[in-house]
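For the sequence shown, the UniProt record's numbering begins at 1 and goes up steadily by one.
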Amino acid sequence: MTELGIMFSGAFLAATLLPGGSEVLLVALLNKTPEAWVALVVVASIGNTLGAMTSFYLGRLGRLAKSPEALAAGKHAKGLALIERYGVWALLLSWAPVIGDILCLLAGWLRLALIPSLVMILIGKTIRYLIVAAAVLQWIA
């Protein structure tokens with residue numbers, strides 16, 4: 001598997017409800033091939049966004065299993081409050097550890113619009129990877 005395939009897989013899995021650190025993988029691959037930074041950031045962003053959309057769709061399916069009352073009273077209350085207050089804009093925080101996965105799941109559960117959700121998730125995740133890449137490239141330069 002190529003570096004880009006490894007980056008895509010790692011980013012995808014890290015964005016689902018499975019634990020993983022795609023930033024660490026990006027740092028390692030940037031140290032190995034700094035000239036491929038654009039491709040690595042693009043692939044990481046796409047992979048991580050698709051993984052988040054998996055959580056989004058799991059949230060839509062989860063609506064069958066959890067009532068609104070159960071969700072509002074449970075451990076997802078803070079994430080639910082964020083999305084209820086800011087709507088799709090809260091998904092700009094989809095990159096954030098712990099809460100990001102929950103926000104994507106809840107966005108699906110609340111049936112937020114697909115395209116705006118996808119765009120906000122992609123923007124948030126891309127900015128995060130650009131910041132990581134810029135820091136690494138500055139450090140190794």
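All C-beta atoms in this analysis are idealised placements derived from N, C-alpha and C, irrespective of residue type, glycine included.
It should be emphasised that the depicted structure is a prediction, and the values quoted were computed from it without experimental measurement.
Query: Start and end of the alpha helix (DSSP H) containing THR126?; Result: 114 to 140
Query: If we call anything under 7 Å between Cβ atoms a contact, is LEU30 one with TRP37?; Result: yes
Query: With distances taken from CA atoms, which of ILE140, SER94, ALA11 and ALA107 is nearest VAL42?; Result: ALA11
Query: Looking only at C-alpha atoms, which of LYS75, ILE6 and VAL119 sits nearest to VAL98?; Result: LYS75
Query: With distances taken Cα to Cα, identify the nearest neighbour of ASN48 among ARG111, LYS78, LYS32 and LEU25.; Result: LEU25
Query: Residues in its own chain within less than 6 Å of ALA96 by CB, not counting five upstream and five downstream?; Result: none
Query: Answer with buried or exposed for LEU61, where buried requires no fewer than 16 other C-beta atoms within 10 angstroms of its C-beta.; Result: exposed
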